[in-house]
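With the working numbering, letter number 129 in the sequence shown gets 129, and the count goes up by one each step, no holes. Where a beta carbon is used, it is the ideal one built from N, C-alpha and C, also for glycine. Below is one structure, written out as structure tokens; the observations come after it.
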Amino acid sequence: MANSGQIERAANEFARAEKLSPRTDFDRDAQGRAFFETGQMLQKQFDELEFAGADTMEQVLGRKMELAQGIEQQYVGAINAGRAEWAIASLAEATRMYRDMAAFFLKVPLPDGLSPTDRRANEVALQQKSQEYTQKGKETITACAQKAEQLKALTPFAARCIRPNKEVPVVAAKHRRGAVSADDAFQREMAQLRQKLVQTPENMELLIGMARRAIQAGDYHLARLTLAKAAEVDPRNAVVQNSWA
1 MANSGQIERA ANEFARAEKL SPRTDFDRDA QGRAFFETGQ MLQKQFDELE FAGADTMEQV
61 LGRKMELAQG IEQQYVGAIN AGRAEWAIAS LAEATRMYRD MAAFFLKVPL PDGLSPTDRR
121 ANEVALQQKS QEYTQKGKET ITACAQKAEQ LKALTPFAAR CIRPNKEVPV VAAKHRRGAV
181 SADDAFQREM AQLRQKLVQT PENMELLIGM ARRAIQAGDY HLARLTLAKA AEVDPRNAVV
241 QNSWA
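Now the structure itself:
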């Protein structure tokens, strides 16, 4: 995840990746990951947004709902990219967002001075919104569990959906992407390489360099995808063949 000082730069990079027309598994994976990571950045803002008092109720609630819609859009994009890893991760994180939103509605501070009738009407409306998000969460986690079992997925995100009562730490859930997913230097380097590949997608030097760096960092999933892309470009390339070995 990008930290607060990197969000704008990372968001721009992910936005460029989201606009690509994926032709290969490498492209689809990059697009799915871009949508998911953008959703994660929005969800971080969502998680940090809390009420400071009844006077901030409308502003905070409006922003919370705006972020929820944005998160949904990004996760739908990740699901539509057609890569199981990011689809399952998106469903799992959407479930968490829906549950948090349901709890949030029950914590909305009502302003003083309301009549008993108006207060009760507001409480009922908030309870109904909470129930709507609770239902969304149930439907989403069911879809996530079904997809995870269908694809025999073994990621921590999949485990969170299949065994919802067993807590899966967020750090462990992100480990599937590579042991150094929190390594800012590695992530910046990968972002720079992806940006160059957008301009020259069949550049063997870039592809091989990206694969080697991913192997060094322990991100073998990215390394396999990058090598597969390189093999499509130049099937007889000796470096690619040796890297597969």
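Thinking residue i and residue j are a contact (beta carbons under 8 Å), I'd like their distance in whole angstroms, please.
{"i": "ALA223", "j": "PHE186", "result": "That pair is no contact at about 12 Å."}
{"i": "PRO109", "j": "MET57", "result": "6 Å"}
{"i": "THR134", "j": "ALA87", "result": "With 8 Å as the limit, THR134 and ALA87 do not qualify as a contact, their Cβ atoms being about 22 Å apart."}
{"i": "ALA84", "j": "LEU151", "result": "5 Å"}
{"i": "LEU42", "j": "GLY70", "result": "5 Å"}
{"i": "VAL60", "j": "PHE51", "result": "5 Å"}
{"i": "LEU225", "j": "ASP25", "result": "6 Å"}
{"i": "ARG213", "j": "GLU189", "result": "6 Å"}
{"i": "ILE208", "j": "ALA230", "result": "6 Å"}
{"i": "LEU49", "j": "ARG63", "result": "6 Å"}
Please state whether DSSP places residue i in a helix, a strand or coil.
{"i": "SER90", "result": "helix"}
{"i": "ARG188", "result": "helix"}
{"i": "ALA81", "result": "coil"}
{"i": "GLY113", "result": "coil"}
{"i": "ALA52", "result": "coil"}
{"i": "ALA182", "result": "Because the pLDDT at ALA182 is just 44, under 50, the model does not fix this residue reliably, and the point stays unresolved."}
{"i": "LYS196", "result": "helix"}
{"i": "VAL60", "result": "helix"}
{"i": "LEU222", "result": "helix"}
{"i": "LYS229", "result": "helix"}
{"i": "VAL108", "result": "coil"}
{"i": "PRO169", "result": "In this predicted model, PRO169 has a pLDDT of only 49, less than 50, meaning its place in the structure is not dependable enough to derive any value."}
{"i": "ARG177", "result": "Summary for ARG177: the model assigns pLDDT 42, below 50, so the residue's position carries little reliability; its value from the coordinates is reported in the next sentence. Note: ARG177 maps to helix in three-state DSSP."}
Ordered along the chain, which non-local residues of its own chain (more than five positions away) have a Cβ less than 7 Å from that of residue i?
{"i": "LEU197", "result": "ASN203, LEU206"}
{"i": "ASP29", "result": "ARG83, LEU225"}
{"i": "LYS136", "result": "TYR98"}
{"i": "ARG119", "result": "LEU110"}
{"i": "PRO164", "result": "ILE141"}
I'd like the span of the alpha helix (DSSP H) that includes residue i, first residue to last.
{"i": "ARG236", "result": "Looking at the DSSP string, ARG236 is not in any alpha helix (DSSP H), and its letter there is neither H nor E."}
{"i": "THR140", "result": "116 to 150"}
{"i": "LEU207", "result": "204 to 217"}
{"i": "ASP25", "result": "25 to 48"}
{"i": "PRO156", "result": "156 to 162"}
Please work out which residues of its chain come closer than 8 Å, Cβ to Cβ, to residue i, disregarding the five sequence neighbours upstream and downstream, and give them in chain order.
{"i": "THR140", "result": "LEU91, ALA94, THR95, TYR98"}
{"i": "THR200", "result": "LEU206"}
{"i": "GLN127", "result": "PHE105, LEU106"}
Short of 6 Å in beta carbon distance, which residues of its chain neighbour residue i, apart from the five on each side in sequence? Order them along the chain.
{"i": "ILE162", "result": "ALA145, ALA148"}
{"i": "SER130", "result": "ALA102, PHE105, LEU106"}
{"i": "PHE79", "result": "The sequence given here has Ile at residue 79, not Phe. Once the five neighbours on either side are set aside, the close Cβ partners of ILE79 are ALA87, SER90."}
{"i": "HIS175", "result": "Below a pLDDT of 50, predicted positions are generally treated as unreliable, and HIS175, at 38, falls in that range; the measurement from the model is reported next regardless. Result list for HIS175: empty, nothing under 6 Å."}
{"i": "ALA68", "result": "MET101"}
{"i": "GLN74", "result": "PHE35, THR38, GLY39"}
{"i": "ASN122", "result": "LEU110"}
{"i": "GLU72", "result": "none"}
Sorry if obvious, but does the Cβ on residue i come closer than 8 Å to a heavy atom of the ligand SAM?
{"i": "GLN74", "result": "Within the structure as shown, the ligand SAM is missing, as the structure has no ligands at all."}
For chain D, is any of its Cβ atoms less than 9 Å away from the one on residue i?
{"i": "GLN31", "result": "In the structure shown, chain D cannot be found, because there is only a single protein chain."}
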